[in-house]
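Reviewing the structure listed below.
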Amino acid sequence: MSPVADSRKQVLERIRAATTASPRRDSGATEGKAAETRDYVRQGQMTASARCERFIERLREYDADVMECAPDGLAAAIATQLRASGGRTFVAPAGLPAEWRAPGFEWKIDNHLDVRDVEHADGVVTACFCGVADSGTIVLHHGPAEGRRVISLLPDWHLCVVRASQVVETLPEYFERCTTEDWVSGAGDRGRTGLPRLVTWIAGPSATADIEMTRIKGVHGPRFLNIILVRDEE
Amino acid sequence: MSAAADQPILDPALAPPFPAAALPVLRNVQLRKNVAHAIDVIQAKRARLVAEKTDWQELRSAASRIKDEALQKLGVHLEQFEERCTAAGGHVHWAADAAEARRIVLELLREADAGEVIKIKTMTSAEIQLNPFLEAAGVRTYETDLAEIILQLGQGEPSHIVVPALHVNRSQVREIFARTMGIENLSDEPKALTAAARNYLRQKFLSVPAAISGANFLVAETGSVVVVESEGNGRMCLTLPKTMITLAGIEKIVPRFQDLEVMLQLLARSATGERMSPYTSFWTGVTPGDGPQKFHVVLLDNGRSSILARKTERQTLRCIRCAACMNACPVYRQTGGHAYGSVYPGPIGAILTPQLQHLRHAQSLPYASSLCGACYEVCPVKINIPEILIDLRAKVTDRERRTVGKFFDPMYVGLRAANVIFSRARLFHAAQWMGRIGLRFFTRRDGWIHSLPGVGAKWTQTRDLRGLPKQTFHEWWAQRGSATSKEVR
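Taken in order, these protein sequences are the chains called Z and G. The numbering used here puts the first sequence at residues 2 to 235. The numbering used here puts the second sequence at residues 17 to 505.
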């Protein structure tokens, strides 16, 4: 019909011609090989506590602030961090546990908050899907306790709660969790492929090194990334 | 004195050949200093983080296998991507060339009633020269990556694919920002300059109705797009506008979601010397209540399928645009990116640009290399760049020597003569004898030839030539008595 539809056909035909002429005669032989030969490090070898230490060390190396607490000290730890931030108004995802919303602060619960409201908040508190020790990364799948993408982006201060049991050592272990883990209730939307549809990995606060390679913290995303690591490991 | 002063031309069809374009840069001490500094910093960071990965080589091999697999069945993977993305509420468009991609993007923006558009850094958009086209059509474009803002406001051109403004230093940035943003008393501290960019864009992020991004990866299995960035400008563009348009080369595809566990371990370490970039975003079509509710992907061919058809060159399409090759390249280190006359500079640009141009332009680029192999060694997807450079040199030469005017070119006459002489022993010996007599005239007492006339000057302009020895190997061999040959045994 339109020239656009013709282009689809044209591009696919060019590709087909280029790939069926089979410049590499091994075509077919290597079929699926990439999947079979994954001989890089997939499973970590660390103990749970060593894993946590590495996670903390690498988060700090990228300017994240990390605080540890025992499982029963979480609410108090959150309150401490909120106070230390100097802010008053905080955004909470709709599914954030009620006991995490420390008293004494103004909470805006994200039931389709207007972006201007989010923008004017002093900070945001979220949970996460998982933490990756090897790269010092926290992973959001934007489930009810992690919230829409925009709420962990516009406020200048982000507090993320990570449980030690959520921390994996290697990146491949995270991908493993995406397919096998029985996801905690409603943690993010899974597509019909069973894989997450919406994912944000965060490794430290927003940064740039575009001017003379000098690393500057805080460009457009939050300038402050705070992690509370709940030591619930065995 | 601003970055725009020397006006580099990055359209391969118009740019001068590499040696000519490199000359002004080589005389620009400030620019070379800026480039060398930036590269030294990235190189040091990268080296440290690569060394800490015990499985780096296995990851590289896995990545090259993944990309090869993706390319072998590229059509199947693209159709799968299209199907999954569409099922998730996205729209997929196909563009055979740059002009068509530009037209599609403009139509989509008109549909979205967008007179302004915010952009995440995308080299693909620079490749198709999207911004000038949109501006001419009345759509105001706002680059949001700090380096891209510096270039857009300063009317400069990118000289690197990851850190496009690495040739500009802080005082130049200060001058550009103070002038274009109208800020008095702006300091040249990177912190103050970054804050200025944040303020400049904040309201744009909240009000502009449409955004354009590139893609680091497209996932066939899920129909997802992946974008890696540092500043949060990408996340702003991905979440705030109503319409999102992603422009991606067809080679950006990986077959499976799990393949990203390899690619994303390699990318940031290779590109910026970080374990992971601050922000990595994946999204799939449209998510109700979160982010743009209209999402389009424009799949761009623009010469890529012709690269796919060639045996040696196909590996060019494995590239994940990390820029490790240009950071490692001794030539790039001296010239910076502008000399390459393309938005893709450095070793990858030297092989990608001429191929995207079907070798009609940028024929000098395959020669802009010493073939030292440093690019191959650092490439996270193991593209054998030197091999492709040599292959392209052969293609350029083959094409050139068949052009009519080149038949009497002294170099080709010489090469044809050599072809005859080297294949006949008697002619060869005669030529040696004549050469020794002829060159004796030019050979100095130290045994070297420092300058030659005519075509020979092409060699001696930049290096000396060893004079021919008094005796050839054959003569020496024939002279040896039988006694000496026993000794050897």
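Ideal Cβ positions, reconstructed from N, Cα and C, are used throughout, including at glycine.
field: Bridge-paired residues (DSSP) for Pro94(Z)
entry: Asp111(Z)
message: Using CA atoms only, rank isn't needed, just tell me which of Val302(G), Cys395(G) and Glu99(G) is closest to Pro257(G).
response: Minimum Cα distance to Pro257(G) is reached at Val302(G).
- prompt: Is there contact between the segment 292-307 of chain G and the segment 344-356 of chain G, where contact requires at least three CB pairs shorter than 8 Å?
  reply: no
message: So the candidates are Asp233(Z), Phe56(Z), Gln44(Z) and Val119(Z); which of them puts its Cα closest to the Cα of Glu177(Z)?
response: Gln44(Z)
message: With a threshold of 8 Å between beta carbons, is Met450(G) in contact with chain Z?
response: no
Every unbroken alpha helix (DSSP H) within the segment 398-467 of chain G, with a cutoff of 4 residues, ordered by chain: 401-417, 426-438 and 441-456
query: the segment 100-132 of chain G: which residues have C-beta closer than 8 Å to a C-beta of chain Z, in chain order?
result: Arg100, Ala103, Ala104, His109, Trp110, Ala111, Ala112, Glu116 and Ile120
task: Taking all protein chains shown into account, decide if Phe193(G) is buried (16 or more other Cβ within 10 angstroms of its Cβ) or exposed.
output: buried
- prompt: Between the beta-carbon of Ile110(Z) and the beta-carbon of Ala95(Z), is there less than 8 Å?
  reply: yes
field: Cβ-based burial, Val471(G) [other Cβ within 10 Å; buried from 16]
entry: exposed
Status (buried if at least 16 other CB within 10 Å, exposed otherwise) for Pro223(Z): Buried, since its Cβ has 16 or more Cβ neighbours within 10 Å.
Euclidean distance between Cα positions of Arg337(G) and Val397(G): Annotation: Arg337(G) to Val397(G) spans about 10 Å, alpha carbon to alpha carbon.
task: Examine chain Z for any beta-carbon lying closer than 8 Å to the beta-carbon of Leu408(G), and answer yes or no.
output: no
field: Whole runs of the beta strand (DSSP E) within the segment 123-168 of chain Z, excluding any shorter than 3 residues
entry: 124-127, 131-133, 138-141 and 158-164
Beta-carbon gap between Ala146(Z) and Leu230(Z) smaller than 8 Å: no
query: Roughly how many whole angstroms lie between the Cα atoms of Arg119(G) and Ala76(Z)?
result: 54 Å
- request: Would you decide whether Trp493(G) is buried or exposed? Buried here means 16 or more other CB atoms lie within 10 Å of its CB.
  value: exposed
- prompt: If we cut at 8 Å on Cβ distances, does Leu83(Z) have a partner in chain G?
  reply: no
message: By the 8 Å beta-carbon criterion, what residues does the segment 287-313 of chain G contribute toward chain B?
response: Looking for chain B here will not work: the only protein chains present are Z and G.
task: Anything in chain Z within Cβ reach of Arg74(G), meaning under 7 Å, just list it in chain order.
output: Note that residue 74(G) is Glu in the sequence shown, not Arg. Near Glu74(G) (Cβ distances below 7 Å), the residues of chain Z are Asp40 and Tyr41.
- prompt: When DSSP labels each residue in this structure, what does Tyr360(G) get in the three-state scheme?
  reply: coil
message: For Leu125(G), tell me which candidate among Arg156(G), Trp475(G), Val242(G) and Gly265(G) has the shortest Cα-Cα distance.
response: Arg156(G)
query: What residues are listed by DSSP as bridge partners for Arg482(G)?
result: Answer is Trp464(G).
field: Residue closest to Leu484(G), alpha-carbon to alpha-carbon, out of Gly497(G), Gln373(G), Ile261(G) and Ala447(G)
entry: Ala447(G)
task: Please determine, among Glu116(G), Ser175(G) and Ser385(G), the residue with the shortest C-alpha to C-alpha distance to Gly357(G).
output: Ser175(G)
query: Which residues does DSSP pair with Cys341(G) in a beta bridge?
result: In the DSSP output, where bridge partners are listed per residue, Cys341(G) has none listed.
message: Which complete alpha helix (DSSP H) runs does the segment 95-175 of chain G hold, if anything under 4 residues is left out?
response: 114-127, 139-143, 146-152 and 162-169
field: For Ile453(G) and His490(G), the rounded distance between their alpha carbons
entry: 17 Å
task: Please decide whether Lys135(G) counts as near chain Z, where near means a Cβ-Cβ distance under 8 Å.
output: no
- prompt: Would you report the Cα separation of Gln168(G) and Met427(G), rounded to the nearest angstrom?
  reply: So the two alpha carbons sit approximately 44 Å from each other.
field: alpha helix (DSSP H) segments (min. 4 residues) lying fully within the segment 269-339 of chain G
entry: For secondary structure counted as the alpha helix (DSSP H) over 4 or more consecutive residues, the segment 269-339 of chain G holds these complete runs in sequence order: 276-287 and 320-324.
field: Nearest-angstrom Cα separation, counted from Ile58(G) out to Thr288(G)
entry: 6 Å
message: Beta carbons nearer than 7 Å to chain G: which residues of the segment 136-151 of chain Z have them?
response: Ser136, Gly137, Thr138, His143, Arg149, Arg150 and Val151
- request: Would you please verify whether the beta carbon of Glu213(Z) is less than 8 Å from any beta carbon of chain G?
  value: yes
- prompt: CA-CA distance, Arg9(Z) and Glu277(G)?
  reply: 30 Å
field: Sub-8 Å separation of Cys140(G) and Leu263(G) beta-carbons
entry: The residue you asked about is not Cys; residue 140(G) is Thr in the sequence shown. Yes, the Cβ-Cβ distance between Thr140(G) and Leu263(G) is below 8 Å.
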